[in-house]
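K.L.:
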Amino acid sequence: VGVTSQKTMKLLPASRHRAAQKVVIGDHDGVVLCFGMKKGEAVAVFKTLPGQKIARLELGGVLNTPQEKIFIAAGSEIRGFTKRGKQFLSFETNLTESIKAMHISGSDLFLSASYIYNHYCDCKDQHYYLSADKINDVICLPVERVPQITPILACQDRVLRVLQGSDVMYEIEVPGPPAVLALHNGNGGNSGEDLLFGTADGKLGLIQITTSKPVHKWEVGNERKRGGILCIDSFDIMGDGVKDLLVGRDDGMVEVYSLDNTEEPVLRFDLALSESVTSIQGGCVGKDGYDEIVVSTYSGWVTGLTTEPVHKESGPGEELKINQEMQSKISSLRNELEHLQYKVLQERENYQQSSQSSKAKSAAPPFSINDKFTLNKDDASYSLILEVQTAIDNVLIQSDVPIDLLDVDKNSAVVSFSSCDSESNDNFLLATYRCQANTTRLELKIRSIEGQYGTLQAYVTPRIQPKTCQVRQYHIRPLSLHQRTHCIDHSRPMNTLTLTGQFSFAEVHSWVVFCLPEVPEKPPAGECVTFHFQNTFLDTQLESVYRKGEGVFKSDNISTISILKDVLSKEATKRKINLNISYEINEVSVRHTLMLIHPKLEYQLLLAKKVQLIDALKELQVHEGNTNFLIPEYRCILEEADHLQEEYKKQPAHLERLYGMITDLFIDKFKFKGTNVKTKVPLLLQILDSYDQNALIAFFDAA
Numbered sequence: 001v002g003v004t005s006q007k008t009m010k011l012l013p014a015s016r017h018r019a020a021q022k023v024v025i026g027d028h029d030g031v032v033l034c035f036g037m038k039k040g041e042a043v044a045v046f047k048t049l050p051g052q053k054i055a056r057l058e059l060g061g062v063l064n065t066p067q068e069k070i071f072i073a074a075g076s077e078i079r080g081f082t083k084r085g086k087q088f089l090s091f092e093t094n095l096t097e098s099i100k101a102m103h104i105s106g107s108d109l110f111l112s113a114s115y116i117y118n119h120y121c122d123c124k125d126q127h128y129y130l131s132a133d134k135i136n137d138v139i140c141l142p143v144e145r146v147p148q149i150t151p152i153l154a155c156q157d158r159v160l161r162v163l164q165g166s167d168v169m170y171e172i173e174v175p176g177p178p179a180v181l182a183l184h185n186g187n188g189g190n191s192g193e194d195l196l197f198g199t200a201d202g203k204l205g206l207i208q209i210t211t212s213k214p215v216h217k218w219e220v221g222n223e224r225k226r227g228g229i230l231c232i233d234s235f236d237i238m239g240d241g242v243k244d245l246l247v248g249r250d251d252g253m254v255e256v257y258s259l260d261n262t263e264e265p266v267l268r269f270d271l272a273l274s275e276s277v278t279s280i281q282g283g284c285v286g287k288d289g290y291d292e293i294v295v296s297t298y299s300g301w302v303t304g305l306t307t308e309p310v311h312k313e314s315g316p317g318e319e320l321k322i323n324q325e326m327q328s329k330i331s332s333l334r335n336e337l338e339h340l341q342y343k344v345l346q347e348r349e350n351y352q353q354s355s356q357s358s359k360a361k362s363a364a365p366p367f368s369i370n371d372k373f374t375l376n377k378d379d380a381s382y383s384l385i386l387e388v389q390t391a392i393d394n395v396l397i398q399s400d401v402p403i404d405l406l407d408v409d410k411n412s413a414v415v416s417f418s419s420c421d422s423e424s425n426d427n428f429l430l431a432t433y434r435c436q437a438n439t440t441r442l443e444l445k446i447r448s449i450e451g452q453y454g455t456l457q458a459y460v461t462p463r464i465q466p467k468t469c470q471v472r473q474y475h476i477r478p479l480s481l482h483q484r485t486h487c488i489d490h491s492r493p494m495n496t497l498t499l500t501g502q503f504s505f506a507e508v509h510s511w512v513v514f515c516l517p518e519v520p521e522k523p524p525a526g527e528c529v530t531f532h533f534q535n536t537f538l539d540t541q542l543e544s545v546y547r548k549g550e551g552v553f554k555s556d557n558i559s560t561i562s563i564l565k566d567v568l569s570k571e572a573t574k575r576k577i578n579l580n581i582s583y584e585i586n587e588v589s590v591r592h593t594l595m596l597i598h599p600k601l602e603y604q605l606l607l608a609k610k611v612q613l614i615d616a617l618k619e620l621q622v623h624e625g626n627t628n629f630l631i632p633e634y635r636c637i638l639e640e641a642d643h644l645q646e647e648y649k650k651q652p653a654h655l656e657r658l659y660g661m662i663t664d665l666f667i668d669k670f671k672f673k674g675t676n677v678k679t680k681v682p683l684l685l686q687i688l689d690s691y692d693q694n695a696l697i698a699f700f701d702a703a
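For the sequence shown, the positions run 1 to 703 when UniProt numbering is used.
Here it is in structure tokens:
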């Protein structure tokens, strides 16, 4: 099918136990396709005409009956089809934004666009809520099992908002931006209140939504550094009578978790596909009696993973039959291929003729890119994921700020760097990734430097004729390594920056959006707002509280305050707004920040030292024939040589980064006192070369 969005494929309920089910899927061309499998071939039941891009597809029907009515969300419209493909509903919601998420329960319809949530009953407006941050998904506890209608919104600011009517009953903090919600076991579990959530950074959890408060049941972290979770389903694929969890991720991972006696999920199976998994369903499709996991991927592949044994035990007569089956399948595939090749030739000729005629307009074929630029908490780097509907030929990365490209294990593309002239044309990085054939997904890792801000551009060229390219832009913000967090430690020594002046709430909010990642673009409701952030590299923190005419920023890192002061005054000057800036510096905070840097610096210095020794130790080993004469510490270095070099290679310029942060801290400490200490920096670097924590603190105090 065409390119698909998240949660746009479902299996229609079976007529009897383990009978083959039909698959229904909606794509970006606006086509709804329903098909079944016969002898390994897809046979269409119905297919609608193209239209607006389909953002969601859900099944509905009268409560407690088979849910076999098909509902799709496209633009701001909801359409309903019967399982035979007859359209019975067209409901224009008149929402100003396109619908992003939808949930259906009986005659209740729950919708969300970017920031707006709406509840309709029999297509009549019931409730409305404006969220503080983008809504990624919406769901409702099963109406037939809990006393009141309880919708839950998954919001980008790492919060699940539980609603009652048009008001928030309570908020639940989750460990990452929630991307998908699902009812446990498909019906809310034993209580009807159990809700599963999957986050954009790959974590999975179960929460019981009681009428008064949330109860956290379990959480599965993302130790294996896999992709974000896009879809979840509950289905007993293990055949043990207990429903398992099926999970699809944006790096192409399909996982099966079984829930054992302790109710903690255990990973049983996994499989890596080459592109992101947009929908996942358990059921029976290919053959009666054999359960399957059906997945759809971003570029529009629908794949079945079956429990049917592939190698059949067979007698001599059976073998002949299987061979004949295979032969007929191969010949039908050959015919299909020839037909397709002929079609391609025809289309190519048509294109040549139309492009050479005098009235020709150059027509660059459009193509979809699914991109994601997110900060990873674990290693303070940004992941840039580019996924294209056809194979990628190459990607050119250009940046007007200094950034490092880090190695990604999963990346098979060949990278080449071009030299840049940063003086004359603001180019700090030019790198080209040439992809191998059939690569549709490319993942890059980037580390930025706080205080240096600008734009990163990706020029994506797929393998299609005529050659065409799309440019995507990503902002690298002044405080790019900061991540939103729910709460901060108020006992730390804090420095304060206060701004006052004739500025509106919207203006000060736009400055905060400019400086920090993960802040919603729309100003939140209310007169005053508080955001908390954590620096993912150093674990320092920042609190920003602002309203019309006043902004207060507190951090335990002087450099953070210094960057904010410079950028905010620059932005205000651009808009000809007069700012009064005052600050309170806490001397103790400098020592506190140095203490936070210390373990990281010590680890990196030790790693560099070990890596330097490896070659010499290997030479000794060859010379002596064994390692028995070495002290245990050196023997350990030799044993871990590959791991150490790998670790060192993964973190280029890590030491320089830490040196840079200490230097900035030193300069900023005295900048607020009105002293320029740049002449003393060489002395500081000498101390860092023979690093001793006490000597460094003494130098900071003495200067």
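Here a beta-carbon is modelled for each residue, glycine too, at the ideal position from N, C-alpha and C.
Just so you know, these numbers come straight off a predicted model, no measurement behind them.
Buried or exposed, going by whether 16 or more other CB atoms sit within 10 Å of the CB of Trp511?
P.N.:
As a position in the sequence shown, residue 511 is number 511, starting the count at 1. Label assigned to Trp511: buried.
K.L.:
Determine the burial state of Arg348: buried for a count of at least 16 other Cβ atoms within 10 Å of its Cβ, exposed for fewer.
P.N.:
The residue given as residue 348 occupies position 348 in the sequence shown. It is exposed - the Cβ of Arg348 has fewer than 16 other Cβ atoms within 10 Å.
K.L.:
Could you work out which residue in Ile369, Asn628, Ala179 is closest to Leu386 when comparing CA atoms only?
P.N.:
Residue numbering aside, residue 386 sits at position 386 when the sequence shown is read from its first letter. When each option's Cα is compared against that of Leu386, the closest is Ile369.
K.L.:
Let me confirm a value: Cys231 is counted as buried when at least 16 other C-beta atoms fall within 10 Å, else exposed. Which label applies?
P.N.:
Taking the first residue of the sequence shown as position 1, residue 231 is located at position 231. It counts as buried.
K.L.:
Excluding the 5 residues flanking Gly252 on each side, which residues of the same chain have their C-beta closer than 8 Å to its C-beta?
P.N.:
Here residue 252 corresponds to residue number 252 of the sequence shown, with the count starting at 1. Closer than 8 Å at Cβ, skipping near neighbours: Gly227, Ala272, Leu273, Ser274, Glu275, Ser276, Val277, Thr297, Arg441.
K.L.:
Going by DSSP, name the residue or residues bridged to Ala458.
P.N.:
For this step, residue 458 is matched to residue 458 along the sequence shown. Its beta-bridge partners are Ile397, Arg472.
K.L.:
Our contact map puts Cys435 next to Asn427 with C-beta atoms below 8 Å; I'd like the distance itself, whole angstroms only.
P.N.:
Translated into positions along the sequence shown, residue 435 becomes position 435. Translated into positions along the sequence shown, residue 427 becomes position 427. Between Asn427 and Cys435 the Cβ distance is about 23 Å, and since that is not below 8 Å, they are no contact.
K.L.:
With a threshold of 9 Å between beta carbons, is Cys528 in contact with chain D?
P.N.:
Although the question refers to chain D, the structure presented lacks it and comprises just one protein chain.
K.L.:
Give the straight-line distance between the Cα atoms of Thr303 and Lys39, rounded to the nearest whole angstrom.
P.N.:
Looking up residue 303 in the sequence shown gives position 303. Looking up residue 39 in the sequence shown gives position 39. Taking the straight line joining both Cα atoms gives about 15 Å.
K.L.:
Using only the alpha-carbon positions, how far apart do Phe666 and Tyr634 sit?
P.N.:
By 1-based counting over the sequence shown, the position of residue 666 is 666. By 1-based counting over the sequence shown, the position of residue 634 is 634. Their Cα atoms are separated by approximately 36 Å.
K.L.:
Using alpha carbons as the reference points, say which of Glu144, Asp137, Asn136, Glu97 lies closest to Ser105.
P.N.:
Translated into the one-based positions of the sequence shown, residue 105 becomes position 105. When each option's Cα is compared against that of Ser105, the closest is Glu144.
K.L.:
Three-state secondary structure (DSSP) at Cys515?
P.N.:
In the sequence shown, the residue the question calls residue 515 occupies position 515. Correct three-state label for Cys515: helix.
K.L.:
Kindly indicate which three-state DSSP category Pro599 falls into: helix, strand or coil?
P.N.:
Here residue 599 is taken as the residue at index 599 of the sequence shown, counted from 1. DSSP places Pro599 in helix when its eight states are reduced to three.
K.L.:
For Phe537, which three-state DSSP category applies?
P.N.:
Position 537 of the sequence shown holds residue 537. Looking at Phe537 - three-state DSSP - the assignment turns out to be coil, as it is neither helix nor strand.
K.L.:
Label Asn136 either buried or exposed according to how many other C-beta atoms from any shown protein chain fall within 10 Å of its C-beta, with 16 as the threshold for buried.
P.N.:
Taking the first residue of the sequence shown as 1, we reach residue 136 at position 136. Its Cβ being crowded by 16 or more others within 10 Å, Asn136 is buried.
K.L.:
Exposed or buried, which one is Glu193 when buried takes at least 16 other CB atoms within 10 Å?
P.N.:
Your numbering for residue 193 matches position 193 in the sequence shown. That one is buried.
K.L.:
Beta-carbon within less than 7 Å of Lys213's beta-carbon, same chain only, minus the 5 sequence neighbours each way: which residues are those?
P.N.:
Taking the first residue of the sequence shown as 1, we reach residue 213 at position 213. Same-chain partners within the cutoff: Tyr170.
K.L.:
With a threshold of 7 Å on Cβ separation, who are the neighbours of Val529 within its own chain once the five nearest residues in sequence on each side are excluded?
P.N.:
Residue numbering aside, residue 529 sits at position 529 when the sequence shown is read from its first letter. These residues qualify, in order along the chain: Tyr546.
K.L.:
For Lys83, tell me which candidate among Asp29, Asp201, Ile72, Phe91 has the shortest Cα-Cα distance.
P.N.:
Here residue 83 refers to the residue found at position 83 when the sequence shown is read from its first residue. With distances taken between Cα atoms, Lys83 lies closest to Ile72.
K.L.:
How should Cys121 be labelled, buried or exposed, when 16 other C-beta atoms within 10 angstroms of its C-beta is the threshold for buried?
P.N.:
On the sequence shown, position 121 is the one that residue 121 refers to. Exposed: under 16 other Cβ atoms inside 10 Å.
K.L.:
Taking the beta strand (DSSP E) that Glu255 falls in, what are its first and last residues?
P.N.:
In the sequence shown, residue 255 corresponds to position 255, counting from 1. Looking at the DSSP string, the run of the beta strand (DSSP E) that includes Glu255 is 253-259.
K.L.:
On the three-state DSSP scale, how would you describe Gln645?
P.N.:
The residue you call residue 645 lines up with position 645 of the sequence shown. Gln645 falls in the helix class under three-state DSSP.
K.L.:
Does the stretch 571-582 come within contact of the stretch 681-690, defined as at least 3 CB pairs closer than 8 Å?
P.N.:
Flag = no, the stretch 571-582 and the stretch 681-690 do not touch.
K.L.:
List the residues that DSSP assigns as beta-bridge partners of Ala431.
P.N.:
The residue you call residue 431 lines up with position 431 of the sequence shown. In the DSSP output, where bridge partners are listed per residue, Ala431 has Ile397, Phe417.
K.L.:
Does His509 come out as helix, strand or coil in the three-state DSSP assignment?
P.N.:
Within the sequence shown, residue 509 is the residue found at index 509, counting from 1. His509 falls in the helix class under three-state DSSP.
K.L.:
Mind pulling the alpha helix (DSSP H) runs of 4 or more residues that sit fully within the UniProt domain "BBS7 helical hairpin" (587-700)?
P.N.:
DSSP runs (the alpha helix (DSSP H)) wholly in the UniProt domain "BBS7 helical hairpin" (587-700): 588-624, 632-639, 641-650, 654-671, 681-689.
K.L.:
Flag this pair as yes or no: are the beta carbons of Thr593 and His482 separated by less than 9 Å?
P.N.:
If you number the sequence shown from 1, residue 593 lands on position 593. If you number the sequence shown from 1, residue 482 lands on position 482. No, the Cβ-Cβ distance between Thr593 and His482 is not below 9 Å.
K.L.:
Flag this pair as touching only if the stretch 56-71 and the stretch 2-12 have three or more C-beta atom pairs under 8 Å; answer yes or no.
P.N.:
Touching, yes.
K.L.:
Using the Cα positions of Ala506 and His486, report the straight-line distance between them to the nearest angstrom.
P.N.:
Mapped onto the sequence shown, residue 506 falls at position 506. Mapped onto the sequence shown, residue 486 falls at position 486. Approximately 23 Å, taken between the alpha carbons.
K.L.:
Give the secondary structure of Asp288 by DSSP, where H, G and I count as helix, E and B as strand, and everything else as coil.
P.N.:
Position 288 of the sequence shown, counting from 1, holds the residue named residue 288. The answer is coil: DSSP assigns Asp288 none of H, G, I, E or B.
K.L.:
So Ile637 and Leu613 are in contact, right, with Cβ under 8 Å, and what is the actual spacing, rounded?
P.N.:
Within the sequence shown, numbered from 1, the residue matching residue 637 stands at position 637. Within the sequence shown, numbered from 1, the residue matching residue 613 stands at position 613. With a Cβ gap of about 6 Å, Ile637 and Leu613 count as contacting.
K.L.:
Grouping DSSP H, G and I as helix and E and B as strand, with all else coil, what is Lys53?
P.N.:
Position 53 of the sequence shown, counting from 1, holds the residue named residue 53. Coil, per DSSP.
K.L.:
On the CB-based measure, 16 or more other CB atoms within 10 Å of its CB, does Ile330 come out buried or exposed?
P.N.:
Numbered from 1 along the sequence shown, position 330 holds the residue referred to as residue 330. It is exposed - the Cβ of Ile330 has fewer than 16 other Cβ atoms within 10 Å.
K.L.:
Here's the rule: buried if 16 or more other CB atoms are within 10 angstroms of the residue's CB, otherwise exposed. What is Gln281?
P.N.:
The residue labelled residue 281 in the question sits at position 281 within the sequence shown. When all chains shown are included, Gln281 counts as buried.
K.L.:
Just the Cα atoms here: how many angstroms apart are Thr4 and Asp260?
P.N.:
Position 4 of the sequence shown, counting from 1, holds the residue named residue 4. Position 260 of the sequence shown, counting from 1, holds the residue named residue 260. Using only the alpha carbons, I get a separation of about 33 Å.
K.L.:
Measuring CB atoms only, is the stretch 444-453 touching the stretch 400-416, in the sense that at least three cross pairs come out at less than 8 Å?
P.N.:
Result yes; three or more Cβ-Cβ pairs closer than 8 Å.
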